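If you read the sequences in order, they're chains A and B. My numbering numbers the first residue of the first sequence as 1 and each following residue consecutively. My numbering numbers the first residue of the second sequence as 1 and each following residue consecutively. Yeah, the Cβ is synthetic: ideal placement off N, Cα and C, and Gly gets one too. If you're wondering where the values come from, they're calculated on a predicted model, not measured in any experiment.
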Amino acid sequence: MNFFSDKILFIDGAMGTMLGKTEGLPEILNVTEPDRIKKIHTAYLDSGANIITANTFGANRLKLEGSGYSVEQIVAAGVQNAHLCVSGRKNTYTSLDIGPLGTLLAPMGTLSFDEAYDIFAQTIRAAGDRTDFISVETMTDTYELKAAVLAAKENSSLPVIATFSLDENGKMLCGADIISVVSMLEGLRADALGLNCGLGPKQFAALYGTLKEYCSIPTALLPNAGMPYISGGETVYDTAAEEFAQYMKEFALGGVRLLGGCCGTTPEHIRRMTELCEGITPAPVTQKNHTVVSSYGKSVIFGEKPLIVGERINPTGKKKLKEALKAKDIDYILREGILQTEAGADILDVNVGLPEIDEKEMMERAVFHLQSILPTPLQLDSSSPAVLERSMRIYNGKPMINSVNGKEESMRAVFPLVQKYGGVVVALTLDESGIPETAQGRAAIAEKIIARAQTYGIPKKDIVVDTLTLTVSSDSEAPVKTLDALKTVSEKLGVKTILGVSNVSFGIPQREKVNRSFLTLALCSGLSCAILNPLSEDMMSSVFAFNVLRGYDKDCREYVKRYSLDESVREKTGAEDTLKEIIISGLKAAAYAKTKELLAGMEPLEIINEHIIPALDIVGKGFEDKKVFLPGLLSSAETAQNAFEALKEGAAAQNDGEKIILATVKGDIHDIGKNIVKLLLANYGYSIIDLGRDVPPEDIAAAAKKENVKLVGLSALMTTTVVSMEETIKALKASGHKCRVMVGGAVLTPEYADMIGADFYARDAMSAVAIARECFDVF
Amino acid sequence: MIPRDALRFMGVTGTPDKEVIALAEEAYDALLPQISKKHRIIISSVAGESLDCAVPLLGSDIKRHLEGCPAAAVLVATLGAGADMLIRRTQLTSMAKAVAIDAVASALLEEYCDEICGSIKGISTPRFSPGYGDFPIEAQPFLLNACKAHKIGVSCLESLMMIPSKTVSAILGIQSGD
């Protein structure tokens with residue numbers, strides 16, 4: 001039962017505006033000048049506010065560090081002050097106020113999701129449920145918003161009001177659109193959600209329509225008193241109380257349940273608002289039926305047009321991916337993600353289930369990194385509830401989950417996770433008795449799953465049914481059964497559907513021919529979403545053609561864009577050139593084929609020594625002589641990479657080049673320079689262990705010792721982080737492991753490198769190669 | 001179309017060949033949809049050792065820079081987090097393109113700052129940022145706080161590096177009273 005579902009409540013206005021300039025943090029006044037705070041609370045209560053938010057917006061350990069006060073002190077005082085003010089008044093409530101931490105979470109910044117959660121949890125526990133609600137507000141990043149709301153839900157039993165801030169384009173600073181945030185917040189079981197700060201009521205009015213269209217829980221709006229401008233050196237807001245109140249009245253009539261004000265608002269604004277809204281009956285909160293998944297910033301809505309889930313990140317039957325997982329080669333997974341997204345995948349399935357590896361750890365890494373480079377929502381795929389749990393917890397947005405089925409054990413394990421974290425879950429129509437023979441049988445299981453989900457508060461719109469594709473070669477009726485079940489489930493149960501089609505052709509030749517037709521049949525039977533390989537032209541062309549024929553592709557625009565031949569782009573093919581020339585010219589596309597050609601008559605080592613290395617040396621010298629510039633150097637390096645790809649496929653896995661560790665030091669997050677060096681060194685046959693960025697000295701020392709690495713390359717960009725370089729070198733010496741260190745980065749000089757105890761100073765990317773060669777010749 | 005300094009930031013000196021120009025244009029096309037330009041600027045009186053908005057003028061170079069200026073503007077401008085994500089992603093498929101995007105982004109940022117500075121009356125000096133001369137990087141948080149940079153999603157790490165990475169913070173002198 002939602003607390004806010006049958007009331008309209010008024011929230012207070014700005015605290016900061018009323019306090020004016022303060023010495024130090026305004027939250028400290030809770031202890032030093034409680035009367036000043038209580039006076040403001042009282043003014044708002046007298047103006048008709050039902051809810052006052054405690055003065056705890058920045059009362060977290062990050063902001064209070066060095067203030068001389070603890071989180072517990074400030075929060076206790078803030079809650080107490082608010083409590084005293086509402087005491088004796090009817091229909092009044094207090095709310096703990098949680099604002100942003102003032103720094104960005106990883107991967108943009110260095111604060112991890114777990115740390116951010118912890119910081120919010122501390123503030124929430126300090127309040128000990130002594131307020132009536134918790135208000136999470138002014139959030140501009142979905143990940144931070146998730147950490148705060150989750151912390152509230154797991155550390156208190158109070159209703160949570162979550163409001164976020166948008167810019168004039170209707171986006172959060174992190175890039176999220178309204179639909180993404182609404183889906184995520186509903187999944188996290190916020191009790192009310194809406195917008196606060198950033199904009200005035202006029203701008204909110206333009207954005208509210210979308211919010212209302214997608215939101216199935218009570219909404220809250222707390223605009224600023226208009227937009228700010230400078231007058232006489234002071235910041236002034238352009239919407240006075242009367243105009244403000246008029247807008248808020250319209251919002252109340254339009255269904256908003258929690259109304260208040262943010263920056264620039266005063267008791268006068270609140271008073272006028274409560275006066276004008278007197279007697280308005282709350283409009284019912286209606287269930288919206290959109291099926292939505294989201295990432296940090298992108299929402300994908302299940303509409304009429306079929307969605308494509310990219311299936312490539314799944315080790316079953318994929319030798320290269322298995323090798324990459326065992327070698328912890330995250331870059332390989334990320335490239336698969338990028339390729340599939342560029343090929344048209346709407347959602348990416350992520351499955352890293354391999355018995356030889358720690359699935360939970362790898363899944364966390366894969367999800368964290370994928371969501372740091374792509375806006376594509378993910379489908380978290382695992383048969384282990386523990387793996388699902390961790391990945392759902394750290395997922396930024398509302399994920400798709402693969403999967404739940406009709407077995408008791410499965411529903412009991414998976415539904416609580418979806419209830420807590422939110423998500424759209426794939427439901428397989430099988431149970432303890434196996435996979436039903438008939439369409440009716442499968443539809444019955446779907447019904448059972450949907451009904452059970454309801455008991456967890458999971459609505460039908462968040463279930464996507466998979467009627468299971470079985471192999472036609474073992475049962476010729478199999479495809480018909482699947483499609484009939486699909487139709488039944490889609491039409492009678494009104495639920496979204498999904499299928500992985502490639503199973504159908506297992507065991508028969510030229511599988512793609514059958515797969516593509518089965519896909520088309522399934523789409524015609526109402527399939528909402530297909531799991532397939534977006535790099536397969538057979539599969540993608542079927543989808544594009546279907547969209548044209550069904551009228552989803554207006555004016556055939558997408559189809560024509562994909563398939564019209566573009567005569568204007570003719571890349572120099574390089575077919576006549578030698579591999580050496582191809583690398584020097586940076587003709588990336590030609591290198592792979594040319595290398596395969598050469599392999600017919602030459603040994604890999606010959607090709608490397610006669611073509612690849614000489615080409616790289618020529619380009620490297622050109623770079624040093626300032627005839628070739630960085631882009632050219634890198635194009636050639638990448639062309640050489642393609643040549644190496646071709647060589648690697650022929651030979652057995654040879655990762656036996658000398659090992660080199662590369663890392664950007666602690667506190668520093670710039671890594672382009674390091675990545676350039678990585679590319680060049682890899683070309684010269686070295687085996688690179690890339691520890692990433694913001695790496696603590698101890699981790700680098702431990703890795704060097706463990707992998708017996710003789711050369712460590714450190715990168716830092718700032719005078720402040722160069723200190724970490726020195727610490728890292730000290731840690732390496734202290735570990736007792738014998739190795740040499742090269743350092744690079746714009747801020748370094750040979751003198752400084754010397755001073756901190758580095759063995760080599762790398763002036764630029766090519767110098768790192770020269771150093772490596774020198775280093776390993778000597779060793 | 002590609003900003004003036006882009007090729008220079010890509011490390012290209014002398015006459016660029018057509019491949020490099022094509023790369024810069026590709027980078028520009030990829031970058032544009034990912035950019036969300038935002039800035040904050042405040043005008044403050046110069047009061048000897050600091051600005052009125054609690055920005056300390058540490059070292060002698062910044063004071064010399066503001067000599068004769070009764071007031072100063074503190075500026076923070078950013079291209080947003082989208083540029084960083086694009087650069088991260090592109091590094092996985094093409095370092096050459098990633099370097100180009102990084103360079104074009106820096107050049108666009110400079111152009112954006114030039115635009116902003118050009119629109120303020122009375123600006124009489126170039127931009128002077130923490131880290132220039134003997135104006136220490138430690139001044140960074142003061143500039144960001146003065147501008148309330150968090151409102152445009154800009155903050156700085158413990159290392160005083162600003163995030164998102166395509167961000168500029170600077171002080172400019174103002175001659176005439178405004």
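Spatial neighbours of residue i in its chain, beta-carbon cut-off 6 Å, leaving aside the 5 residues before and after
| i | result |
| --- | --- |
| A:S525 | L483, L486, K487 |
| A:G194 | T163, T219, A220, L221 |
| A:A653 | Unreliable positioning characterises A:A653 in this predicted model, as indicated by a pLDDT of 48, which lies under 50. A coordinate reading is not provided. |
| A:S636 | I583, G586, V619 |
Option nearest residue i by Cα separation, candidates the options
| i | options | result |
| --- | --- | --- |
| A:F244 | A:G255, A:G254, A:G264 | A:G264 |
| A:R854 | A:T578, A:Q371, A:S295, A:A545 | In the structure as shown, chain A begins at 1 and stops at 779. Residue 854 of chain A is therefore absent and cannot be evaluated. |
| A:T17 | A:L634, A:P228, A:T341, A:K448 | A:P228 |
| A:T56 | A:Y69, A:I357, A:V75 | A:V75 |
| A:G500 | A:I531, A:Q510, A:L519, A:S517 | A:I531 |
| B:G68 | B:H39, B:D114, B:A96, B:I123 | B:I123 |
| B:H65 | B:T125, B:M1, B:I120, B:C156 | B:T125 |
| A:K674 | A:V769, A:D754, A:V465 | A:V769 |
| A:G187 | A:Y421, A:A591, A:L370, A:R130 | A:Y421 |
| B:S129 | B:L143, B:G153, B:S165, B:Q175 | B:L143 |
| B:A96 | B:D5, B:I2, B:G11 | B:G11 |
| A:R335 | A:L681, A:A366, A:V160, A:R557 | A:A366 |
DSSP three-state assignment for residue i, whether helix, strand or coil
| i | result |
| --- | --- |
| A:I134 | strand |
| A:K7 | coil |
| A:N405 | strand |
| A:L104 | coil |
| A:N60 | coil |
| B:C69 | coil |
| B:T15 | coil |
| A:L258 | strand |
| A:Q379 | strand |
| A:Y421 | helix |
| A:T94 | strand |
| B:I123 | strand |
| A:P631 | helix |
| A:V569 | Confidence at A:V569 is low in this model, with a pLDDT of 48, below 50, so its placement is unreliable and the value that follows should be read with caution. If DSSP states are grouped into helix, strand and coil, A:V569 belongs with coil. |
| B:A6 | helix |
Residue i and residue j closer than 8 Å at C-beta
| i | j | result |
| --- | --- | --- |
| A:A703 | A:I676 | no |
| A:V504 | A:V489 | no |
| A:D191 | A:N2 | yes |
| A:V418 | A:V426 | no |
| A:L822 | A:L101 | Past the boundaries of the shown model lies residue 822 of chain A; chain A is included only from 1 to 779, so the question cannot be answered. |
| B:G59 | B:F135 | yes |
| A:I672 | B:A24 | no |
| A:I313 | A:L258 | no |
| A:I700 | A:A753 | no |
Other residues of its chain near residue i: CB distance less than 8 Å, five sequence neighbours each side excluded
| i | result |
| --- | --- |
| B:L51 | S44, S45, L57, A72, V74, A146, I171 |
| A:A283 | L253, G254, G255 |
| A:R570 | Any reading at A:R570 must be qualified, since the residue scores a pLDDT of 45, below 50, and its modelled position is unreliable; the value itself is stated next. So no residue of the chain qualifies. |
| B:L31 | A83, L86, I101, V104, A105, L108 |
| A:L647 | T595, L599, P604, I607, I608 |
| A:I435 | T429, R442, L468, L470 |
| A:I280 | I8, K249, A252, L253 |
| A:A388 | For clarity, residue 388 of chain A is Leu in the given sequence; the question names Ala instead. Counting only Cβ-Cβ distances below 8 Å, and skipping sequence neighbours, we find L380, S382, I401, V414, L417. |
Own chain residues within Cβ distance below 7 Å of residue i, not counting five before or after
| i | result |
| --- | --- |
| A:A758 | I729, V741, M742, V743 |
| A:S568 | Low confidence applies here, because A:S568 scores a pLDDT of 46, under 50, leaving its location unreliable and the question unanswered by this model. |
| A:N196 | E137, T138, T163, S165, L222, C262 |
| A:G170 | D177, I178, L207 |
| B:K148 | R40 |
The ligand ATP heavy atom lying under 7 Å from the CB of residue i
| i | result |
| --- | --- |
| A:I119 | Questions concerning the ligand ATP fall outside what the structure shown contains, since it holds no ligand whatsoever. |
What are the uninterrupted segments assigned as alpha helix (DSSP H) that are 4 or more residues long and contained completely in the segment 71–109 of chain B, given in chain order? 81–93
Which whole runs of the beta strand (DSSP E) in the segment 150–174 of chain A are 3 residues long or more, in chain order? 160–164
Length at least 4, wholly inside the segment 456–522 of chain A: the alpha helix (DSSP H) runs in chain order: 478–492
Starting from the N-terminal side, write out each stretch of the alpha helix (DSSP H) that is 4 residues or longer and does not extend beyond the segment 688–775 of chain A. 697–707, 722–734, 750–755
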